[in-house]
Amino acid sequence: MNIAKYAMNNRQVIHLFLIIALAGGIIAFNNLGKQEDAPFQVKRAVIVTQYPGATQFEVEELVTEPIEKEVQSMGQVFWIKSESKPGLSTIWVEM
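All the letters of the sequence shown, read from the start, carry residue numbers 2 to 96 under the numbering used here.
See below:
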C-alpha cells in the first residue's frame with residue numbers, strides 16, 4: 002500500500018503518531034542535561050604588548066618588568082617567561 006494514500010485515508014492515525022512524536026520530543030528535551038557554562042580553568046595566558054619606537058631595553062624596563070611584577074602578585078603563578086624585542090613585549094604565564 003502507498004504510504005501517502007494510507008496517510009490520506011487514516012488521518013486520525015497519522016495525527017496520533019504526530020502527537021506521540023511531539024510529546025516524546027518535548028519529554029526528551031526536558032530531560033536533557035543543561036549547563037550554561039561548563040566549568041573550566043584557564044591555565045595559561047599570553048600577554049602581548051606593543052610599544053612602537055621603543056628599544057629592547059626600554060620595553061623591558063617600562064613594560065615587561067612592571068607587568069611581570071603585577072602578574073606575580075596575583076598568586077598561584079607556576080611560571081612566567083618573558084621576551085622583550087624592540088617595540089614588543091611578550092609574556093607567557095602558567096598557573
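For each residue, glycine too, the CB sits at the ideal point set by N, CA and C.
- The beta strand (DSSP E) runs lying completely inside the segment 43-93 and spanning 3 residues or more are 45-51, 80-86, given in chain order.
- Rounded to the nearest whole angstrom, the C-alpha separation of His-16 and Gly-34 is 29 Å.
- The C-alpha of Asn-31 is placed about 48 Å away from the C-alpha of Lys-82.
- Residue burial is scored here from C-beta neighbours: Glu-69 has at least 16 other C-beta atoms within 10 angstroms and is therefore classed as buried.
- Per DSSP, the unbroken alpha helix (DSSP H) holding Lys-6 starts and ends at 4-10.
- Ala-8 counts as exposed, since fewer than 16 other C-beta atoms from the protein chains shown sit within 10 angstroms of its C-beta.
- The Cβ-Cβ distance between Glu-61 and Trp-80 does not fall below 8 Å.
- Sorting Ile-20, Ser-90, Asp-38, Arg-45 by C-alpha distance to the C-alpha of Gln-51 places Ser-90 at the top.
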